[in-house]
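In order, the protein sequences belong to chains A and B. Numbering-wise, our numbering puts 45 at position 45 of the first sequence, and it's gapless, one number per residue. Take any residue in the second sequence, count from 1 to its spot, add 1000: that is its number in our numbering. A virtual CB, placed ideally from N, CA and C, is assigned to each residue, including glycine. Note that the coordinates shown come from a computational prediction; the quantities given were computed from them, not determined experimentally.
Protein chains: 2
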Amino acid sequence: MSTREKIILLSNHLIQQRGFQGFSYADLEAGIGIRKASIHHHFPSKTDLGIAYCDYKRADFKALEAELQKLPAGVPQLHAYLDAFADCAAQGQMCGVYAMLSDSHLFSPELQTAVYQLAQTEQQLLQDILVAGQRSAALHFAQPPAELAMVVSSAIKGALLLNRIPPHGAYERAAKAIVDWLSAAP
Amino acid sequence: MSTREKIILLSNHLIQQRGFQGFSYADLEAGIGIRKASIHHHFPSKTDLGIAYCDYKRADFKALEAELQKLPAGVPQLHAYLDAFADCAAQGQMCGVYAMLSDSHLFSPELQTAVYQLAQTEQQLLQDILVAGQRSAALHFAQPPAELAMVVSSAIKGALLLNRIPPHGAYERAAKAIVDWLSAAP
DNA sequence: GGCAACCTACCTTCTAGTAGGTATATTCAA
DNA sequence: TTGAATATACCTACTAGAAGGTAGGTTGCC
């Protein structure tokens, strides 16, 4: 793995744990084992790192989208999407996208735009899952898909935060409630 | 209004905008017009301020709970709860509770506990609204109330974040979708 | 030679927090 | 009723450490 990739991967971990403002180049130095100045060589400013992170996350979602195409529409696709956050949940982490959104009011316009596009990409991915599920009569809902995608993605990201407080397990319970709700007969 | 109250109120605004890690005593100095050292007089450490903030928020929820008792169970109570976040949404702010949860992995155990108790208080408040609505046959759902409260509160807090990205208005749309969903005939 | 990837050593700015002082009340005893 | 002690709320001036970032040098590969 290239140093650049190592930096982004560790950033991902730290962002999901503490948020973008909550980690520093010193943390990366300690975790990767190269000097702070060398990290600036790869990402001159933290804004550059943030933008690269958004690109990485978007690519991640595109890869997930490709995986989903191989599954039947409906519950299997929805489950696969929800499972993508199970590791986060197990480690008491947040969703990286929402972590970035939380801190976005402190970002440069450039990074804000990158964050917004990332959030929209994910939103669209979930909406496509819901529409495909509805078309194949596997999922049942009356709301417009865009609205529903908003509610569902908000709910799971929020659940990742609630997952941090006792009693833990909020994420799994919320995910199950969502699947039950959408797959219930009308 | 006492200086202490002014500090907490301004902190509330800053936390909802930038998160607990995202503002400093210097911001309070600029906003309130007294020196940083004077703010340390009222809240010796930032942890003390955080704990006082949690107390303030809990009192806020208790006051909201009292208000809700005056309304009919079901949609009116649910609406009142959702309206409590409308101002946040209009200003592109987050929910203070979730903002604290986001940063909680950087907090002292003392402040973490305060945050967790605050989140639980709110969770319980929403659960009570749902249960009362179900009992009076105004709200309809099959999931256990605790699970549903998790999903609903997660969804609206998450929507406050989505509200930050274009097209704005995510909060209102999500709130409407939730009310429609819960009040629909079974 | 030229470039990428790393290094040491530094800078500035911001952070929470402290030391110690002043003005203004409040309390309480002679 | 005075006057000393105490407490509150503020101040200026400072600290140590962490933040993001820079200057400039070394190494090793194509």
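What does residue i reach in chain B if we use C-beta pairs closer than 8 Å?
i	result
ALA174 (chain A)	GLU1147, MET1150, VAL1151, SER1154
GLN143 (chain A)	ALA1177, ASP1180, TRP1181
Run down chain A in chain order and give the residues with a C-beta less than 8 Å from the C-beta of residue i.
i	result
HIS1105 (chain B)	GLN17, ARG18, GLY22, GLY92, ARG164
ALA1159 (chain B)	MET150, VAL151, SER154
Between residue i and the rest of its own chain, which residues show a CB-CB distance below 6 Å, the 5 nearest in sequence each way excluded?
i	result
PHE1023 (chain B)	LEU1014
TYR171 (chain A)	ALA89, ALA159, LEU160, ASN163
ALA1184 (chain B)	none
ARG1004 (chain B)	HIS1042
Throw me the rounded Cβ distance for the residue i and residue j pair, which I believe falls under 8 Å.
i	j	result
GLN1112 (chain B)	SER1104 (chain B)	5 Å
TYR1098 (chain B)	PRO166 (chain A)	With a Cβ gap of about 17 Å, TYR1098 (chain B) and PRO166 (chain A) do not count as contacting.
CYS1088 (chain B)	LEU1160 (chain B)	6 Å
SER1153 (chain B)	SER154 (chain A)	Not confirmed; about 10 Å, so no contact.
GLN1017 (chain B)	GLY1096 (chain B)	At roughly 10 Å, the Cβ-Cβ gap does not stay under 8 Å, so GLN1017 (chain B) and GLY1096 (chain B) are not in contact.
LYS57 (chain A)	LEU118 (chain A)	5 Å
GLN77 (chain A)	ALA132 (chain A)	7 Å
GLU1122 (chain B)	PHE1061 (chain B)	6 Å
GLN134 (chain A)	ALA146 (chain A)	Rounded, the Cβ-Cβ distance is 13 Å, inconsistent with contact.
Closer than 8 Å by C-beta to residue i: which residues in its own chain qualify, once you throw out the five before and the five after it? Chain order, please.
i	result
GLU110 (chain A)	THR47, ILE51
LYS6 (chain A)	ILE32
ILE1151 (chain B)	Sequence check: residue 1151 (chain B) is Val here, not Ile. GLN1143.
CYS54 (chain A)	MET100, LEU111, ALA114, VAL115, GLN117, LEU118
ILE156 (chain A)	LEU82, PHE85, CYS95, TYR171, ALA174, ALA175, ILE178
ALA106 (chain A)	The displayed chain sequence assigns Leu, not Ala, to residue 106 (chain A). Closer than 8 Å at Cβ, skipping near neighbours: GLN21.
LEU1071 (chain B)	GLN1077, ALA1080
ILE34 (chain A)	THR3
GLU67 (chain A)	ALA80
SER45 (chain A)	none
Spatial neighbours of residue i within its chain, please: CB distance less than 7 Å, with the 5 preceding and 5 following residues excluded, ordered by chain position.
i	result
LEU1010 (chain B)	LEU1028, GLY1031, ILE1032
GLY19 (chain A)	ALA99, SER102, ASP103
LEU944 (chain B)	This structure does not reach residue 944 (chain B), given that chain B is present from 1001 up to 1186, and the question cannot be answered.
ALA26 (chain A)	LYS36
ILE39 (chain A)	ILE7, TYR25, LEU28, GLU29
ALA84 (chain A)	LEU64
VAL75 (chain A)	ALA138, VAL179, SER183
SER108 (chain A)	THR47
MET1001 (chain B)	none
Applying a beta-carbon distance threshold of less than 7 Å, which residues of chain B neighbour residue i?
i	result
ALA170 (chain A)	MET1150
Residues of chain A with CB under 7 Å from residue i, in chain order?
i	result
GLY1050 (chain B)	Going along chain A, no residue has its Cβ under 7 Å from GLY1050 (chain B), so there is no contact; the nearest lies around 15 Å.
For the ligand ZN, I want to know if residue i counts as a neighbour, meaning its beta carbon is within less than 6 Å of at least one of the ligand's heavy atoms.
i	result
ILE1039 (chain B)	The model depicted lacks the ligand ZN and carries no ligand whatsoever.
Legend entry - Residues within the region 116-128 of chain A neighbouring chain B, beta-carbon criterion of under 9 Å: Under the 9 Å Cβ criterion, the region 116-128 of chain A contributes TYR116, GLN117, ALA119, GLN120, GLN123.
Legend entry - Those runs of the alpha helix (DSSP H) which lie wholly inside the region 59-143 of chain A and span at least 4 residues: Counting whole runs of 4 or more residues, the region 59-143 of chain A contains the alpha helix (DSSP H) stretches 75-83, 86-90, 96-103, 109-135.
Inset, instruction - Can you give me, in chain order, the residues of the region 1054-1069 of chain B that have a beta carbon less than 7 Å from any beta carbon in chain A? - result: Listed by position, the residues of the region 1054-1069 of chain B near chain A (Cβ gap below 7 Å) amount to none.
Legend entry - Contact set between the region 1078-1102 of chain B and chain A, restricted to residues whose Cβ is under 8 Å from the partner: Within the region 1078-1102 of chain B, those residues whose Cβ lies closer than 8 Å to any Cβ of chain A are, in chain order, GLY1092, MET1094, TYR1098, ALA1099, LEU1101, SER1102.
Legend entry - Unbroken stretches of the alpha helix (DSSP H), 4 residues or longer, contained in the region 1009-1055 of chain B: Whole alpha helix (DSSP H) segments, 4+ residues: 1025-1032, 1036-1042.
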